[in-house]
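In the numbering used here, the protein residues as written are 123 to 571. Glycine included, each C-beta is placed from N, C-alpha and C at the ideal position. Quick caveat, the model's predicted, so the values are computed rather than measured. Comments concern the structure below.
Laid out in structure tokens, this is it:
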């Protein structure tokens with residue numbers, strides 16, 4: 123009677139399951155007897171309690187006393203988590219319902235530049251086209267199509283080689299950044315160049331393989347922590363292109379575990395703005411942050427010997443000017459020539475309107491250390507926190523960051539980012555100057571009356 127009640131209780135559970143991807147475990151007491159994954163947990167679990175489900179499923183139903191599930195973000199995350207749980211528990215029914223030929227494994231060859239391949243039988247290599255003796259494997263995985271999709275996405279983040287033969291020209295995958303390119307050149311071309319650069323390429327390639335292995339083994343969090351540390355170190359050394367590339371890899375790993383990776387890639391790129399993504403990653407690397415940066419505000423002051431002094435706020439959203447959000451300021455409290463005090467006044471007035479004007483992610487001030495210090499004082503006065511701040515000095519084209527002793531030359535940054543900073547600076551300068559000229563014209567007309 124107790125067993126019947128337990129079975130009936132389990133049958134009701136699928137209705138409570140969410141319509142999301144995840145993994146599930148049938149248990150007998152505390153012992154896991156079957157582990158599975160699903161794109162839709164509710165539908166998949168309901169299928170176990172239909173009539174004519176098959177002898178093995180009926181046996182599983184009768185033996186199970188508990189059913190639990192773990193809701194996840196995507197089918198890929200479910201695939202990796204399922205593999206992790208099968209290795210951990212070695213459930214009875216996973217073995218009964220599948221033989222070795224029905225599981226999938228990801229293999230890594232032991233070549234100078236390791237190849238990645240999918241196989242059913244990791245310890246039988248005689249029929250394989252690749253030389254994979256002594257290869258290492260990650261698995262088992264239950265879905266070949268999901269595994270192939272996972273590797274396809276990982277390859278965009280960490281390029282690797284799948285060429286079965288050496289060749290004398292870059293392969294097609296190298297031309298679309300899916301293969302490093304140097305790894306499959308024929309030995310006569312590669313061997314003479316086993317220099318420091320060659321070994322640097324080899325180390326980078328092995329690093330990609332290690333990162334792919336970490337993702338497939340469920341070590342996403344550990345890998346992201348490692349990449350963030352490397353990104354911060356690269357930024358400190360002013361290796362901004364390297365830091366931006368690491369930021370791109372971190373985002374790529376995180377996106378694997380989100381539904382949006384399955385949206386049409388071209389449309390997603392078009393919507394987000396591919397160029398802005400590159401700029402955003404560089405800015406994030408500069409400041410050592412993972413925060414999204416969407417709204418950037420540029421500030422400038424225009425005056426002649428302190429007369430008709432004006433300030434401007436130019437706004438860029440996702441890299442494009444948002445002219446409806448531009449604001450101009452007539453300087454009211456500062457007399458004489460004090461660009462620093464004028465910046466302080468403008469920012470103090472701007473942040474009276476935080477609710478109505480929106481909140482910036484980054485402020486770009488025209489000027490160097492004094493202007494940046496004045497901006498910090500204005501933010502502190504208004505108790506504004508969490509906004510990034512930089513000053514851009516015109517004369518040397520240098521970027522000043524709070525807390526950093528030495529400025530960063532714009533020509534050290536990737537071209538797309540340095541051009542963006544200059545665009546923001548020039549646009550705020552144009553807008554301030556336009557208002558300054560207007561005030562001067564009004565003043566001249568009044569004096570001539």
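How close, in whole Å, do the beta carbons of residue 227 and residue 261 come, if the pair is a contact with beta carbons under 8 Å?
-> As a position in the chain shown, residue 227 is number 105, starting the count at 1. As a position in the chain shown, residue 261 is number 139, starting the count at 1. With 8 Å as the limit, residue 227 and residue 261 qualify as a contact, their Cβ atoms being about 3 Å apart.
Quick one: measure Cβ to Cβ for residue 417 and residue 480, integer angstroms, because I've assumed they're closer than 8 Å.
-> Your numbering for residue 417 matches position 295 in the chain shown. Your numbering for residue 480 matches position 358 in the chain shown. The pair is a contact, with the Cβ atoms about 6 Å apart (cut-off 8 Å).
Curious, which full-length alpha helix (DSSP H) runs of at least 4 residues does the stretch 152 to 230 contain?
-> 163 to 169, 177 to 185, 197 to 211, 214 to 219
What is the DSSP secondary structure of residue 444, counted as helix, strand or coil?
-> Counted from its first residue, the chain shown places residue 444 at position 322. Three-state DSSP puts residue 444 in coil, outside helix and strand.
Proximity below 9 Å, CB of residue 484 to CB of residue 372 = Stepping through the chain shown from its first residue, residue 484 is reached at position 362. Stepping through the chain shown from its first residue, residue 372 is reached at position 250. Against a cut-off of 9 Å, the Cβ pair of residue 372 and residue 484 comes out as no contact.
Taking buried to mean at least 16 other C-beta atoms within 10 Å of its own C-beta, is residue 140 buried or exposed?
-> As a position in the chain shown, residue 140 is number 18, starting the count at 1. So residue 140 ends up on the exposed side.
To which residues does DSSP link residue 144 through a beta bridge?
-> Counted from its first residue, the chain shown places residue 144 at position 22. DSSP output for residue 144 lists 160, 193 as bridge partner(s).
Alpha carbon to alpha carbon, how far is residue 335 from residue 519? Give it in angstroms, no decimals.
-> On the chain shown, position 397 is the one that residue 519 refers to. On the chain shown, position 213 is the one that residue 335 refers to. Roughly 43 Å between the two C-alpha positions.
Top-ranked residue by Cα proximity to residue 137, from 327, 190, 177 | Sequence index remark: in the chain shown, residue 137 carries index 15 (1-based). Answer by Cα proximity: 190.
Expressed to the nearest angstrom, what Euclidean distance is found between the alpha-carbon atoms of residue 369 and residue 494?
-> The sequence position of residue 369 within the chain shown is 247, counting from 1. The sequence position of residue 494 within the chain shown is 372, counting from 1. Going by the C-alpha atoms only, they are around 26 Å apart.
Which value, in whole angstroms, describes the spacing of the CA atoms of residue 551 and residue 434?
-> Looking up residue 551 in the chain shown gives position 429. Looking up residue 434 in the chain shown gives position 312. The straight-line gap from Cα to Cα measures roughly 7 Å.
CB-CB under 6 Å to residue 154, same chain, minus the five flanking residues each way: which ones, in chain order?
-> Here the question's residue 154 lines up with position 32 in the chain shown. Correct list, in chain order: 147, 211, 213.
8 Å contact criterion, which residue 242 and residue 270 should meet: CB distance rounded | As a working mapping, residue 242 is identified with position 120 in the chain shown. As a working mapping, residue 270 is identified with position 148 in the chain shown. With 8 Å as the limit, residue 242 and residue 270 do not qualify as a contact, their Cβ atoms being about 13 Å apart.
Start-to-end residues for the beta strand (DSSP E) that takes in residue 238 = Taking the first residue of the chain shown as position 1, residue 238 is located at position 116. Unbroken beta strand (DSSP E) run through residue 238: 238 to 241.
Under three-state DSSP, which class holds residue 107?
-> Since the first residue of the chain shown is 123 and the last is 571, residue 107 is not available in this structure.
One or two residues paired with residue 263 in a DSSP bridge = Numbered from its first residue, the chain shown carries residue 263 at position 141. The partner list for residue 263 (beta bridge, DSSP) reads 226.
Which of helix, strand or coil DSSP assigns to residue 535 = Position 413 of the chain shown, counted from the first residue, corresponds to residue 535. Correct three-state label for residue 535: coil.
CA-CA distance, residue 513 and residue 500?
-> Position 391 of the chain shown, counted from the start, is the residue given in the question as residue 513. Position 378 of the chain shown, counted from the start, is the residue given in the question as residue 500. Rounded to the nearest angstrom, the two C-alpha atoms are 14 Å apart.
Per DSSP, residue 258 forms a beta bridge with which residues?
-> For the purposes of this step, residue 258 is taken as the residue at position 136 of the chain shown. Paired residue(s): 230.
Would you mind sorting residue 528 into buried or exposed? The rule is 16 or more other CB atoms within 10 Å of its CB.
-> In the chain shown, the residue the question calls residue 528 occupies position 406. Exposed.
How would you call residue 560, buried or exposed, if buried means at least 16 neighbouring beta carbons within 10 angstroms?
-> The sequence position of residue 560 within the chain shown is 438, counting from 1. Exposed.
If we call anything under 9 Å between Cβ atoms a contact, is residue 543 one with residue 521?
-> Taking the first residue of the chain shown as position 1, residue 543 is located at position 421. Taking the first residue of the chain shown as position 1, residue 521 is located at position 399. For residue 543 and residue 521, yes; Cβs fall inside 9 Å.
Under three-state DSSP, which class holds residue 557?
-> Looking up residue 557 in the chain shown gives position 435. Correct three-state label for residue 557: helix.
In whole angstroms, what separates the C-alpha of residue 439 from that of residue 276?
-> Residue numbering aside, residue 439 sits at position 317 when the chain shown is read from its first letter. Residue numbering aside, residue 276 sits at position 154 when the chain shown is read from its first letter. So the alpha carbons of these two residues sit roughly 30 Å apart.
Whole-angstrom distance between residue 363 and residue 357, CA atom to CA atom = Within the chain shown, residue 357 is the residue found at index 235, counting from 1. Within the chain shown, residue 363 is the residue found at index 241, counting from 1. Answer to the nearest angstrom: the Cα atoms are 9 Å apart.
Alpha-carbon to alpha-carbon, residue 539 and residue 367 = For this step, residue 367 is matched to residue 245 along the chain shown. For this step, residue 539 is matched to residue 417 along the chain shown. Rounded to the nearest angstrom, the two C-alpha atoms are 13 Å apart.
So, using beta-carbon positions, are residue 496 and residue 463 closer together than 9 Å?
-> On the chain shown, position 374 is the one that residue 496 refers to. On the chain shown, position 341 is the one that residue 463 refers to. For residue 496 and residue 463, yes; Cβs fall inside 9 Å.
Buried or exposed (CB count within 10 angstroms, at least 16 for buried), residue 393 | Against the chain shown, residue 393 aligns to sequence position 271. Confidence at residue 393 is low in this model, with a pLDDT of 41, below 50, so its placement is unreliable and no value can be given for it.
Please report the residue range of the beta strand (DSSP E) in which residue 420 lies.
-> Mapped onto the chain shown, residue 420 falls at position 298. 417 to 426 is the extent of the beta strand (DSSP E) around residue 420.
Nearest candidate by alpha-carbon position, reference residue 509, set 233, 482, 489, 523 | Working through the chain shown from its first residue, we reach residue 509 at position 387. Minimum Cα distance to residue 509 is reached at 482.
Can you tell me which of the three DSSP states residue 412 falls into?
-> Here residue 412 refers to the residue found at position 290 when the chain shown is read from its first residue. Coil at residue 412, not helix or strand.
Limits of the unbroken alpha helix (DSSP H) element including residue 483 | Taking the chain shown and counting its residues from 1, one reaches residue 483 at position 361. That residue, residue 483, is in no alpha helix (DSSP H); it is neither H nor E in DSSP.
Determine the contact status of residue 424 and residue 282, defining contact as a CB-CB distance below 9 Å.
-> In the chain shown, counting from the first residue as 1, residue 424 sits at position 302. In the chain shown, counting from the first residue as 1, residue 282 sits at position 160. No.
By Cβ distance below 7 Å, which residues in the same chain neighbour residue 187 in space, the five residues on each side in sequence not counted?
-> The residue labelled residue 187 in the question sits at position 65 within the chain shown. The answer, listed in chain order, is 128, 149, 150, 151.
For the candidate residues 472, 487, 533, 524, whose alpha-carbon lies nearest to that of residue 503?
-> Position 381 of the chain shown, counting from 1, holds the residue named residue 503. With distances taken between Cα atoms, residue 503 lies closest to 472.
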